[in-house]
Amino acid sequence: MISPSNEIPNEDTYALLEFQGIVADVPTYDRESGKLEFVARALNRPTLKFFAQGETALAFKNLLHKGAWVQLTATPFPKIETLGITRVRVIEWE
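So this is what it looks like as structure tokens:
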């Protein structure tokens, strides 16, 4: 979804996502921010980007790996990213 402004549109989003799938890439952990990021895919579905922070990130940084099966509940975290000159609305799941 593309948005021409810096503001995140006030659109309805899912309040909660129940997800089961496979970690599709190697998870990354940033020690400075304490943020764990990974991408996961349900069978025959698009890839979704997930992140965890704080104690949850610490607990799972050594457990998650590419190919691991995950079952989780996540809340949406919409933000605007700039790709070149285009601003794109992205939803990450926490």
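Residue numbering for the sequence shown follows my numbering, beginning at 160 and increasing consecutively. Backbone N, C-alpha and C fix where the C-beta goes; we use that ideal spot for every residue, glycine too.
Span separating the alpha-carbon of residue i from that of residue j
i	j	result
residue 193	residue 213	6 angstroms
residue 163	residue 246	Per-residue confidence for residue 163 stands at a pLDDT of 46, beneath the threshold of 50, marking its modelled position as unreliable; the derived number appears in the next sentence. Between residue 163 and residue 246, the C-alpha separation is close to 6 angstroms.
residue 211	residue 239	19 angstroms
residue 185	residue 248	24 angstroms
residue 235	residue 177	11 angstroms
Burial state of residue i (16 or more Cβ within 10 Å)
i	result
residue 242	exposed
Residue i and residue j closer than 8 angstroms at C-beta
i	j	result
residue 204	residue 181	no
residue 216	residue 198	no
residue 208	residue 196	yes
Collapsed DSSP secondary structure at residue i in the structure displayed
i	result
residue 201	coil
residue 234	coil
residue 229	strand
residue 190	coil
residue 185	coil
Where the alpha helix (DSSP H) through residue i begins and ends
i	result
residue 217	214–219
Residue i: CB within 7 angstroms of a non-hydrogen atom of the ligand ZN
i	result
residue 240	Looking at this structure, you won't find the ligand ZN or any other ligand, since it has none at all.
Extent of the continuous beta strand (DSSP E) run through residue i
i	result
residue 177	176–182
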